[in-house]
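Just below is one structure, and these are the notes that go with it.
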Amino acid sequence: MEEEEEEAEKGGWTRSLRDVPPPPFKDGSGPTRKMPLTASAMDFFQLFVPDNVLKNMVVQTNMYAKKYQERFGSDDAWIDVTLTEMKAFLGYMISTSIHHCESVLSIWSSGFYSNKSIALIMTQSRFEKILKYFHIVAFRSSQTTHGLYKIQPFLDSLQNGFDSAFRPSQAQVLHEPLIDEDPVFIATCTERELRKRKKRKFSLWVRQCSSTGFICQIYVHLKEGSGADGLDALKNKPQLHSMVAKSLCQNASGKNYIIFTGPSITSLNLFEEFEKQGHLGRGKQRSLDCTERSLLIYQKIYCCGLLSTRKSDCTGLPPSMLNNSETPQSRGQYRIRMKGNMSLICWYNKGHFRFLTNAYSPVQQGVIIKRKSGEIPCPLAVEAFAAHLSYICKYDDKYSKYFISHKPNKTWQQVFWFAISIAINNAYILYKMSEAYHVTRYSRAQFGERLVKELLGLEDTSPSH
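Position in the sequence shown (from 1) plus 35 gives the number in the numbering used here.
Below, the structure is given as structure tokens:
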């Protein structure tokens, strides 16, 4: 143990702790525009999926239908889709996020999942024709090598909508959201249907505001091959998760955000790289004397992450902090080592939990409150991590059940419907933060039902702003 301690000292890690001031955050957070009292579910949804995006879907779908028929023969039953029909098409798909069914075609059936209230707006045969030819990008550019080329323009547009409609709070979380249906629905699926669902060829990661649940950014990682080199093999590779984190935070540097991460992302190398991405935060960068420089705030990305000796990249961390103590420990006991502004914490609570952070002072105390055990002392970073991750878990539990249950075979379409589901959840968050909520007070399910009716033309959707 003494040798490990000496090695830690050589690596720059020390037992001597010093106070680190919390990163200042002066940016406002929340919706960027004030929506009117009469704003509808459609108004909030179209902050992210406006008519110009829907019109492009119409154009691209009609172009693809024409190209398809030129190659495989004419389809006498096909008529070019209109904007009204495209909205209805989306409405039918979105309805499966409220009334879960194995197939969207169940709407027109006579069985348990039928929905006569919306089935008459469009015939099943017309819906199936639109589904057959539906496209975001009809033609592949000769320069395109990206596997998501069929949906990338939509993802870019969606990201612009997220960025312009909402400013996140200082604390955010990087994680993989729950993107499968609730367990009650899964229990009703056949084994064949479940096997089909498990063949997802991508992983979806998000950067999420931990005070509201608003998803600020989406990152899709495509499976690059099958077998040992595929997605499953990459799951535990630090370089993959480091790449994911950098992509999700590419627009977050220089804002003093605090990013919370799970074990697969947490690493000293990544956190130090984020630290170096800062910039001086007042006025133009120029030659400054010492007095001027001391008045400026050095803005960067701060981090707080849970460590795992099995899942995390532990390069550069002292072995003495990664090994469990042989002596029995009491709940709430902890050890801390410090290197620069980075703190490595080993905290005991019926097991050893390790955290790496430069966002919280190692000398500041916190507390974890348990219903049975009462208050358990801990460093402030541990309390903050538990609080922010707890909110995200509650958000996922509540909102993951409202993901569109229709699951197509094509990967780009799977990504598209997941992205649409995220956009609707974000729209509902903005609705709840608006004055319109105090007038109508829709639940998430009611908001989804209103959106479906408005897309199908069953409700008045005249512009309210």
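Heads up, the beta-carbon is just placed ideally off N, CA and C, and yes, glycines get one too. Fair warning: this is a prediction, and the values are worked out from it, not measured in the lab.
Per DSSP, the continuous beta strand (DSSP E) segment holding Glu410 begins and ends at 409-414. Phe197 is positioned such that its CB atom lies closer than 8 Å to that of Asn461.
Here the alpha carbons of Glu310 and Ser302 stand approximately 12 Å from one another.
Secondary structure note for Val255: it is in no alpha helix (DSSP H), and the uninterrupted beta strand (DSSP E) holding it is 250-257. Assignment of beta-bridge partners to Leu239 by DSSP yields Val255. Under the three-state reduction of DSSP, Ala206 is assigned to strand. Phe124 and Phe162 have their C-alpha atoms some 7 Å from each other.
The three-state reading of DSSP puts Phe83 in coil, since its state is none of H, G, I, E or B. In the three-state scheme derived from DSSP, where H, G and I count as helix and E and B as strand, His423 is classed as helix.
The closest CA to that of Leu357, considering only Tyr426, Gly386, Pro212, is found on Gly386.
CA-CA distance, Arg406 to Tyr430, rounds to 21 Å.
Scanning the stretch 425-481 from its first residue to its last, no whole beta strand (DSSP E) run of 3-plus residues comes out.
Counting only residues of its own chain and dropping the five nearest sequence neighbours on each side, Lys122 has a CB closer than 7 Å to the CB of Leu89, Leu490. With fewer than three CB-CB distances shorter than 8 Å, the stretch 468-478 does not count as touching the stretch 203-210. Cα atoms of Tyr99 and Lys281: separation of roughly 35 Å, rounded to the nearest angstrom. Under the Cβ criterion (8 Å, minimum of three pairs), the stretch 374-388 counts as touching the stretch 342-359. In the DSSP assignment, Tyr168 falls within the unbroken alpha helix (DSSP H) covering 159-168.
As the crow flies, the alpha-carbon of Thr344 is around 29 Å from that of Gly248. Residue pairing of Lys374 in beta bridges, as defined by DSSP: Met377.
A Cβ-Cβ contact shorter than 8 Å links Ile371 with Pro397. Boundaries cannot be given for Leu493, as no alpha helix (DSSP H) includes it and DSSP labels it neither H nor E. Minimum Cα-Cα distance from Phe390 among the listed residues Thr131, Gly483, Cys339 corresponds to Cys339. Between the stretch 282-294 and the stretch 479-488, the count of Cβ pairs shorter than 8 Å is below three; the stretches do not touch. Shown here, Ser302 sits in a strand according to DSSP, grouped into three states. Of Gln312, Leu415, His181, the smallest CA-CA separation from Lys290 is found for Gln312. For Lys433, the closest of Leu213, Lys61, Gln194 by C-alpha to C-alpha distance is Leu213. Of the candidates Phe237, Gly65, Pro56, the residue whose Cα lies closest to the Cα of Ile250 is Gly65. Going by DSSP, Ile153 is part of no beta strand (DSSP E) but of the alpha helix (DSSP H) stretching over 151-154.
As computed with DSSP, Arg389 is found in a beta bridge with Leu342, Cys381.
Secondary structure at Tyr337: strand, using DSSP grouped into helix, strand and coil. Partner residues in a beta bridge of Phe309, as assigned by DSSP, do not exist. The secondary-structure analysis by DSSP pairs Gln400 across a beta bridge with Pro414. Setting aside the 5 residues that flank it on each side, Glu410 is surrounded in the same chain by Val402, Ile403, Ile404, each with a C-beta closer than 8 Å to its C-beta; the list follows chain order.
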